[in-house]
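Here's the structure, in structure tokens; my notes come after.
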Amino acid sequence: MDLSDRQYQILDIVKEDGPITGENIADRLHLTRATLRPDLAILTMAGYLDARPRVGYFFTGKTGSELLTEKLKKYTVQEFQSIPVVVNEDVSVYDAICTMFLEDVGTLFVVNDKALLAGVLSRKDLLRASIGNQDLREIPVHIIMTRMPNVTICYKDDLLLEAGQSLIDRQIDALPVVKEVEHGYEVMGRLTKTNLTKALVELGRDQIM
């Protein structure tokens with residue numbers, strides 16, 4: 001985020017003389033405490049300053065890039081996950097291709113008759129199945145999908161960076177966000193490379209606001 005001239009002045013004062021009370025900062029700038037309060041709140045919420053009761057404000061010593069990195073490290077999967085697109089393991093490859101096209105996604109999550117995660121279908125899986133003279137209406141997706149337990153999963157409370165690293169390490173486009181239930185996993189969401197990009201854009205927008 002871009003700071004105002006007055007906010008930079010506040011930072012300089014706190015760096016030099018902190019811990020220092022809000023009243024003393026206001027006196028140094030010839031302002032009222034009420035006028036200064038929004039600036040102090042912004043600097044504190046952004047992480048540049050910290051405050052202790054009856055002690056005052058002090059500089060955290062962190063740069064803008066360090067604060068952005070810290071914020072990114074705190075993001076969890078549930079903050080950026082998308083709605084999952086799910087198909088039953090008995091649907092045909094043809095129907096799965098239609099679903100992927102209509103939903104505009106690159107990965108489908110496959111569930112069994114108990115609505116538990118059974119596997120994952122990628123564009124590559126469907127493309128390979130489409131090569132040749134096979135009747136795609138007669139091939140169920142469970143024949144070509146990546147089956148559990150060979151599916152990489154994540155949970156809503158996982159750190160976004162760790163889930164993103166799984167996407168990179170496995171060279172896949174999406175992870176199912178799951179909840180453990182009896183006899184398996186229920187699909188609660190999906191995490192994609194687009195979701196990771198959204199997180200980075202949000203950080204960048206905060207930086208220029």
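Mapping of the sequence shown onto UniProt numbering: residues 1 to 209, in sequence order.
We put the CB at the ideal spot given by N, CA and C, even for glycine.
The model shown is predicted, which means the values in this text are computed figures rather than measured ones.
For THR197, the number of other beta carbons within 10 angstroms of its own is below 16, and it is reported as exposed.
For the segment 64 to 98, the continuous beta strand (DSSP E) assignments of 3+ residues that do not extend past its boundaries occur at 86 to 88, in sequence order. Around the beta carbon of GLY132, fewer than 16 other beta carbons lie within 10 angstroms, which makes this residue exposed. The three-state reading of DSSP puts GLY22 in helix, counting H, G and I together. If you look at GLU180, you'll find it in the beta strand (DSSP E) that goes 174 to 181.
Taking all protein chains in view, the Cβ of GLN165 is surrounded by fewer than 16 other Cβ atoms within 10 Å, so the residue is classified as exposed. In the three-state DSSP reduction, MET45 falls in the helix class (H, G or I).
Beta-bridge partners assigned by DSSP to PRO140: SER92. THR192 is a Cβ neighbour of ALA174, given a cutoff of 7 Å. Taking the C-beta atoms as reference points, VAL187 is found no nearer than 7 Å to LEU121. By the CB criterion at 7 Å, ASN195 and PHE109 fall outside the cutoff.
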